[in-house]
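Engineer: Below is a structure I'd like to ask you about.
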Amino acid sequence: MIDFDFIISLGLFFFAFTIHEFSHGWVALKLGDPTAKYSGRLTLNPLKHIDPVGTIIIPILLYITKSPFIFGWAKPVPVNFLKLRNPKRDIIWVGLAGPLANIAMAVLIGIIFRLKLPLNDNLFSILQTLGVLNLVLAIFNLIPIPPLDGSRVLLGLLPPGLSRSYAQLEQIGMFIIIILLALGLLRLIIWPIITQLAILIGLI
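Quick note, our numbering runs 202 ahead of the 1-based positions in the sequence shown.
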């Protein structure tokens, strides 16, 4: 039976990935590519960004298996990198936009906590969960496995020959991610980073 706390966490996750995907589309637009805008993805409506596997199935499976944290991914915002004014450079900024937006949200919540504002226990818990979920989404997406955002950053940094070879991994990237999830290796990699960031920011 899925409890009320999980439903709240899932709703907060929807909010976090909406900010994430909107940021990708907004930065791409500013750098010359209007694809996200014309495809209806430059929006804060979470329903436009839901991926059945990453947004629904994976979080529920993690909940059922009693994972210490819930994470997943949304449907990637479409970006035509050839339309960017400087594709090699701008792919990095588009890739970083989502994770940086999530980290900024977590930092904002940390600032609220440090200001010692009068928050009741329920509001504090909701904000803390939102902050941690934003960190989870940011760090998870920075893993350099296509099609995660970290792979976009790496594509922009690699020389042309290597970047073309690396981009071909996207055909099997999702399978690699699912295998790593199933083995629990991603949790071992990213959870210590998330914990340290949450302490540094002041979320826990």
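Just so it is clear, CB atoms sit at the ideal spot from N, CA and C, and this is done for glycine as well.
Just so we're clear, the structure is a prediction, and the values are computed from it rather than from any experiment.
If we ignore side chains and look at the alpha-carbon of each, how far apart do K268 and L284 end up?
Structural biologist: Spanning the two alpha carbons is a distance of roughly 43 Å.
Engineer: Please report the Cβ distance between N336 and N304, rounded to the nearest whole angstrom; I am assuming they are in contact, meaning their Cβ atoms lie under 8 Å.
Structural biologist: Their Cβ separation, rounded to whole angstroms, is 4 Å, which keeps N336 and N304 in contact under 8 Å.
Engineer: Compare the C-alpha of F208 against each of S225, I262, V255 and T245 and name the closest.
Structural biologist: Nearest option by C-alpha distance: I262.
Engineer: Taking the alpha helix (DSSP H) that R366 falls in, what are its first and last residues?
Structural biologist: Residues P362 to A369.
Engineer: Looking at the structure shown, is S225 part of a helix, part of a strand, or coil, going by DSSP?
Structural biologist: In this structure, S225 counts as helix in the three-state DSSP scheme.
Engineer: Roughly how many whole angstroms lie between the Cα atoms of F206 and R291?
Structural biologist: Distance between the alpha carbons of F206 and R291: 44 Å.
Engineer: Where does the unbroken alpha helix (DSSP H) through R291 begin, and where does it stop?
Structural biologist: Taken as a continuous stretch (DSSP letters only), the alpha helix (DSSP H) holding R291 covers P289 to R316.
Engineer: Of the residues A384, A306 and Q370, which one's Cα is nearest the Cα of L189?
Structural biologist: With the chain represented from 203 up to 406, any question about residue 189 goes unanswered, as that position is not in the structure.
Engineer: Using 8 Å as the Cβ pair cut-off and three pairs as the minimum, do the segment 366-384 and the segment 246-254 touch?
Structural biologist: Short answer: they don't touch.
Engineer: Rounded to whole angstroms, what's the CA-CA distance from G227 to L319? Just pull it up for me.
Structural biologist: The alpha-carbon atoms of G227 and L319 are separated by roughly 33 Å.
Engineer: Flag this pair as yes or no: are the beta carbons of F224 and T245 separated by less than 8 Å?
Structural biologist: It is a contact, given that the beta carbons lie within the stated cut-off.
Engineer: Please state the DSSP three-state secondary structure of G386.
Structural biologist: Here G386 sits in coil by DSSP.
Engineer: Measuring CA to CA, which of G358, I396, L329 and L302 is closest to I221?
Structural biologist: Nearest option by C-alpha distance: L302.
Engineer: Under the three-state reduction of DSSP, which class applies to P346: helix, strand or coil?
Structural biologist: Three-state DSSP puts P346 in coil, outside helix and strand.
Engineer: If you follow the alpha helix (DSSP H) that P261 is in, where does it begin and where does it stop?
Structural biologist: Here the alpha helix (DSSP H) through P261 covers I260 to I266.
Engineer: Cβ of G297 within 8 Å of Cβ of D351?
Structural biologist: Yes.
Engineer: Nearest by alpha-carbon distance to S211: which of A384, L339 and L344 is it?
Structural biologist: The shortest Cα separation from S211 among A384, L339 and L344 belongs to L339.
Engineer: Using a Cβ-Cβ cutoff of less than 7 Å, which residues in the same chain neighbour R316 once the five nearest sequence positions on both sides are dropped?
Structural biologist: Correct list, in chain order: G404.
Engineer: In this structure, does DSSP put L319 in helix, strand or coil?
Structural biologist: If DSSP states are grouped into helix, strand and coil, L319 belongs with coil.
Engineer: Would you give the residue range spanned by the alpha helix (DSSP H) that S200 belongs to?
Structural biologist: Look at the range of the chain in this structure, 203 to 406, and you will see that residue 200 is not part of it.
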